[in-house]
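Have a look at the structure below before the remarks.
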Amino acid sequence: MKVKKPFHTYDATMKYSSMAFRKRQHQYLGLPGKYCRRYPTEVVLRNMETGRMDELYSVGKKDELTGKLTEYMLIDLEDESENVVEKTLKKFAKYKTFGSFIYSLPMYTAVTCKKNYINFPKEYKITETDIIRPHYIHFSDDELWEKCENVINKVKQNIKLSDNEALDIAFIPKYISQKYASQITESLAQVFSKSNIPDEELKRDIAVILMTMVLKNIPDIEKQNKLLEAMKMRKYKDDMEEIVYSIYGEELEKKDQEIEQQNQKLIEKDAELTKKDAKLTEKNAEITEKNAEINQYKKGIEQLKSLDDLNTPQAQKIINTLLLQK
175 MKVKKPFHTY
185 DATMKYSSMA
195 FRKRQHQYLG
205 LPGKYCRRYP
215 TEVVLRNMET
225 GRMDELYSVG
235 KKDELTGKLT
245 EYMLIDLEDE
255 SENVVEKTLK
265 KFAKYKTFGS
275 FIYSLPMYTA
285 VTCKKNYINF
295 PKEYKITETD
305 IIRPHYIHFS
315 DDELWEKCEN
325 VINKVKQNIK
335 LSDNEALDIA
345 FIPKYISQKY
355 ASQITESLAQ
365 VFSKSNIPDE
375 ELKRDIAVIL
385 MTMVLKNIPD
395 IEKQNKLLEA
405 MKMRKYKDDM
415 EEIVYSIYGE
425 ELEKKDQEIE
435 QQNQKLIEKD
445 AELTKKDAKL
455 TEKNAEITEK
465 NAEINQYKKG
475 IEQLKSLDDL
485 NTPQAQKIIN
495 TLLLQK
C-alpha cells in the first residue's frame, strides 16, 4: 500500500493525535484538570516574531451544582524528540507570555520527551516573579515494553481494550527509544487489526498514527508494505487522505508542485542528454572514420619504407593513394 510519509513525523503525530484524541490524550498523559477546548496555536509577539505551539487547549473545573466546566488554565503541550535546552525553554516562555496575555488565563507547560529528562533544565525565569517550570513526561523503555506485552496478550485473548490500552498502540512506538523502535512497532502492527477496539473512529485514528510510526521506524519498504497490509490500512484509505489533506493540504500541494517542477526539469534534462548522446555518437563515428584513415595512411607509409626504389609504378600508386587521403 503506497502512502505519503508525513514531514516532521513526531510533530505531525502530535498534531494529529491532539486533533483526533483530544480528551483521551489529555487523560492518557495524566495532565491536570478536565479538558475543555482547543485554542489557536499561532503566536505573534510584539516584535512581530512568530511561532507555533504544538498544541494549546484549556482545562477546567466542574461546578458541583451545574455540572458545567469553568476554564481556569491553558495547557501548552509540546512534543520534543531531542534534548530540551535553555533555548527551548526560552521559546516555551514566549508562548506562555503570549497565551496568558491574549486569553487572560495562566498557562501550564507540559512537554512529552522521547529522551529521559533527568538532565533537562528545570526552570526558566521570564521575570523574577514569572518563572516557567515545565512538566516533563517521559515513558521508560521498561514501562513501554510492559504496556506492549499487556496489549498483545489482551489482543490474543480478544479482550476489549480500554481507551488507554488502545492509545498504547499509537503511543508506544512513538515514545520507545530508537534501539527498540523497529521491533516494537512491528509487533504492534502485526496484531493491530485483531485488537478489540469497539469505537471505530478511535481505532481509525490509532491506525493512522501507527501507520506513521511504521513509516518512521521500519526502514525496509517491503516490510512496511507487509505491515500496512496486515493492519488492513486500505479500509481507512479515504479517511486518511481526507484527514491528512485537511491538516497538511497546503504543504502537500506545495510539495506536489515542487515535485512536478522537478519532474519537468528532469524531462528537460533527459531531452538535453539525449541530444548530447546523439552528438557524441556522431562525433564517435567521425573519430572512428578518422582513425581508419590515419591507420590506412600509416600503412601506406610503412609500405613505402619497405620499397628500395620509389620510382616504380607500385610506389607511385601508394603515393597517389596517400595524396588522395589528404
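In this text, residue positions in the sequence shown follow this note's numbering: the first is 175, and each later residue adds one.
Cβ atoms here follow ideal geometry from the backbone N, Cα and C, with glycine treated the same way.
Just so you know, these numbers come straight off a predicted model, no measurement behind them.
Look at the alpha carbon of residue i and the alpha carbon of residue j, and state the distance between them as a whole number of angstroms.
{"i": "Glu302", "j": "Lys348", "result": "37 angstroms"}
{"i": "Phe195", "j": "Leu389", "result": "21 angstroms"}
{"i": "Gly439", "j": "Ile433", "result": "For the sequence presented, residue 439 should be read as Lys rather than Gly. Going from the Cα of Lys439 to the Cα of Ile433 covers about 10 angstroms."}
{"i": "Lys296", "j": "Ile441", "result": "54 angstroms"}
{"i": "Leu341", "j": "Ala363", "result": "13 angstroms"}
{"i": "His200", "j": "Asp337", "result": "12 angstroms"}
{"i": "Leu248", "j": "Tyr213", "result": "9 angstroms"}
{"i": "Val325", "j": "Val365", "result": "9 angstroms"}
{"i": "Pro180", "j": "Met385", "result": "In this prediction, Pro180 scores a pLDDT of 45, lower than 50, which makes its location untrustworthy; the coordinate-derived value is nonetheless stated afterwards. The alpha-carbon atoms of Pro180 and Met385 are separated by roughly 10 angstroms."}
{"i": "Met387", "j": "Leu402", "result": "11 angstroms"}
{"i": "Lys457", "j": "Gln477", "result": "30 angstroms"}
{"i": "Gln488", "j": "Glu467", "result": "20 angstroms"}
{"i": "Leu203", "j": "Asn370", "result": "22 angstroms"}
{"i": "Arg198", "j": "Met281", "result": "20 angstroms"}
{"i": "Pro372", "j": "Leu335", "result": "9 angstroms"}
{"i": "Asn290", "j": "Trp319", "result": "16 angstroms"}
{"i": "Lys377", "j": "Glu446", "result": "51 angstroms"}
{"i": "Met407", "j": "Asn293", "result": "40 angstroms"}
{"i": "Cys322", "j": "Pro393", "result": "21 angstroms"}
{"i": "Thr243", "j": "Thr215", "result": "The sequence given here places Leu at residue 243; Thr does not occur at that position. About 22 angstroms."}
Kindly indicate which three-state DSSP category residue i falls into: helix, strand or coil?
{"i": "Glu434", "result": "helix"}
{"i": "Leu440", "result": "helix"}
{"i": "Ser278", "result": "coil"}
{"i": "Lys208", "result": "strand"}
{"i": "Ser480", "result": "helix"}
{"i": "Val258", "result": "coil"}
{"i": "Gly234", "result": "strand"}
{"i": "Arg196", "result": "coil"}
{"i": "Tyr349", "result": "helix"}
{"i": "Tyr167", "result": "Look at the range of the chain in this structure, 175 to 500, and you will see that residue 167 is not part of it."}
{"i": "Ile475", "result": "helix"}
{"i": "Ile311", "result": "strand"}
{"i": "Lys334", "result": "coil"}
{"i": "Thr240", "result": "coil"}
Quick one: using the 10 Å Cβ neighbour count with 16 as the cut-off for buried, is residue i buried or exposed?
{"i": "Asp253", "result": "buried"}
{"i": "Ser278", "result": "exposed"}
{"i": "Glu374", "result": "exposed"}
{"i": "Ser480", "result": "exposed"}
{"i": "Gln436", "result": "exposed"}
{"i": "Thr462", "result": "exposed"}
{"i": "Glu152", "result": "Any question about residue 152 goes unanswered here, given that the chain covers just 175 to 500."}
{"i": "Pro206", "result": "exposed"}
{"i": "Gly273", "result": "buried"}
{"i": "Asp379", "result": "buried"}
{"i": "Ala452", "result": "exposed"}
{"i": "Ile504", "result": "Because residue 504 is not part of the residues shown, which for the chain are 175 to 500, the question remains open."}
{"i": "Gln352", "result": "exposed"}
{"i": "Thr286", "result": "buried"}
{"i": "Thr359", "result": "buried"}
{"i": "Gln398", "result": "buried"}
{"i": "Tyr184", "result": "Note that Tyr184 has pLDDT 46, beneath the 50 cutoff, so the model's placement of it is unreliable and the number below is only indicative. Looking at its Cβ environment, which holds 16 or more other Cβ atoms inside 10 Å, Tyr184 is buried."}
{"i": "Pro308", "result": "buried"}
{"i": "Ser232", "result": "buried"}
{"i": "Leu454", "result": "exposed"}
{"i": "Lys450", "result": "exposed"}
{"i": "Ile395", "result": "exposed"}
Contact check, residue i vs residue j under 8 angstroms by CB: the rounded distance?
{"i": "Ala344", "j": "Ile311", "result": "The pair is not a contact, with the Cβ atoms about 15 angstroms apart (cut-off 8 angstroms)."}
{"i": "Val217", "j": "Arg211", "result": "Rounded, the Cβ-Cβ distance is 18 angstroms, inconsistent with contact."}
{"i": "Asn332", "j": "Ser356", "result": "The pair is not a contact, with the Cβ atoms about 27 angstroms apart (cut-off 8 angstroms)."}
{"i": "Phe266", "j": "Ile306", "result": "6 angstroms"}
{"i": "Lys328", "j": "Glu317", "result": "Not confirmed; about 17 angstroms, so no contact."}
{"i": "Thr271", "j": "Asp250", "result": "Thr271 to Asp250, Cβ: 11 angstroms. No contact."}
{"i": "Ser367", "j": "Met405", "result": "6 angstroms"}
{"i": "Ala381", "j": "Tyr354", "result": "That pair is no contact at about 21 angstroms."}
{"i": "Ser255", "j": "Lys288", "result": "4 angstroms"}
Residue i: beta carbon under 7 angstroms from a heavy atom of the ligand MG?
{"i": "Ser361", "result": "As for the ligand MG, it is missing from this structure, which has no ligand bound."}
Does the region 256-265 come into contact with the region 236-243, if we say contact requires no fewer than three beta-carbon pairs (one atom in each stretch) closer than 8 angstroms?
Judged by Cβ distances under 8 angstroms, the region 256-265 makes no contact with the region 236-243, as fewer than three pairs qualify.
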